[in-house]
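Heads up, the thing below is written out as structure tokens.
Next up, the structure:
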């Protein structure tokens, strides 16, 4: 299969016009947003289609919609525009500060470990780099990674994809949390069937919901319909009160110092999720992005031992 060779006629403005039109589904609205005339926008789209050798939109009298090829191109165009936008911003900041910016995301439960290794890295290389660190649900992390908003992230292992480089860091198992006065607080480990008749509270969003729900159904159990939480402190508060028991990943509890709560591993089955470091399989924005990825990879693999 011949490789398409572009001749520098495709610009960021062409891609911006394409992305804007795909989002607005209207030449007039997209042209207004871009502050160009409709003929100019139409010409830009036509030039892009000619360069790529494929039709990006199906046009009728009353509407336009992406072709199958257009939908594929859209993902790459968004990624390139986000990367370019971030890079231009980073250049401006680097001129002022003399430091490279690196963007890292993590699922909330892995923030303590990730922040600790970021602090260690920044202490050593802070004169060369600055790190932006944020937490997101796993699906949002993957989206941000694919669109170029993040350089790499710490999240939950998903179906393998050639678009990502992944490194398994460690496994994180589900645990039970109960108030100290609860009968199950005397157990060093708890089987799922022992929760029969209990109100069971767990996070209602994110990867944990699907992860735990299957095991609950297997034992004819169900999450509580009375108590709904999305934050760890809310779950702790409900469990402390004694009105429910809680299920969450052990990462949330690894550094919890609370004598009013008892934590026990869940058994039969033992459920573990793989925590991985991910980045896109492509040329990095700078040598410091590569360096940071490798250093954090090595440190995170050891973090659960030294922290």
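Numbering (this note's numbering), first residue to last: 7 to 313. Ideal Cβ placement from N, Cα and C applies to all residues, glycine included. It should be emphasised that the depicted structure is a prediction, and the values quoted were computed from it without experimental measurement.
Quick check on DSSP: helix, strand or coil for residue i?
i: residue 236; result: coil
i: residue 314; result: The structure shown does not extend to residue 314, since the chain is modelled only from 7 to 313, so the question has no answer here.
i: residue 106; result: strand
i: residue 151; result: helix
i: residue 31; result: coil
Per DSSP, which one or two residues make a beta bridge with residue i?
i: residue 251; result: 206
i: residue 171; result: 285
i: residue 139; result: 110
i: residue 161; result: 282
i: residue 177; result: 280
i: residue 197; result: 273
i: residue 185; result: 267
Expressed to the nearest angstrom, what Euclidean distance is found between the alpha-carbon atoms of residue i and residue j?
i: residue 47; j: residue 96; result: 29 Å
i: residue 247; j: residue 185; result: 7 Å
i: residue 168; j: residue 148; result: 14 Å
i: residue 29; j: residue 21; result: 12 Å
i: residue 265; j: residue 91; result: 48 Å
i: residue 219; j: residue 235; result: 15 Å
i: residue 135; j: residue 224; result: 48 Å
i: residue 159; j: residue 126; result: 17 Å
i: residue 188; j: residue 204; result: 11 Å
i: residue 281; j: residue 141; result: 14 Å
i: residue 306; j: residue 210; result: 28 Å
i: residue 112; j: residue 45; result: 44 Å
i: residue 8; j: residue 59; result: Any reading at residue 8 must be qualified, since the residue scores a pLDDT of 45, below 50, and its modelled position is unreliable; no value is offered.
i: residue 295; j: residue 288; result: 12 Å
i: residue 212; j: residue 254; result: 12 Å
Between which two residues does the beta strand (DSSP E) carrying residue i extend?
i: residue 270; result: 267 to 273
i: residue 278; result: 278 to 286
i: residue 65; result: 63 to 65
i: residue 72; result: 70 to 72
On the premise that residue j lies in contact with residue i, defined as a C-beta separation below 8 Å, what is that separation, rounded to the nearest angstrom?
i: residue 217; j: residue 279; result: 6 Å
i: residue 3; j: residue 197; result: Lying before the first or after the last residue shown, residue 3 is absent from the chain, which here runs from 7 to 313.
i: residue 270; j: residue 195; result: 5 Å
i: residue 207; j: residue 245; result: 7 Å
i: residue 202; j: residue 277; result: About 18 Å; that fails the 8 Å criterion.
i: residue 51; j: residue 40; result: With a Cβ gap of about 11 Å, residue 51 and residue 40 do not count as contacting.
If you follow the alpha helix (DSSP H) that residue i is in, where does it begin and where does it stop?
i: residue 262; result: Counting along the chain, residue 262 falls outside any alpha helix (DSSP H), and DSSP gives it neither H nor E.
i: residue 55; result: 44 to 58
i: residue 115; result: Counting along the chain, residue 115 falls outside any alpha helix (DSSP H), and DSSP gives it neither H nor E.
i: residue 220; result: 213 to 224
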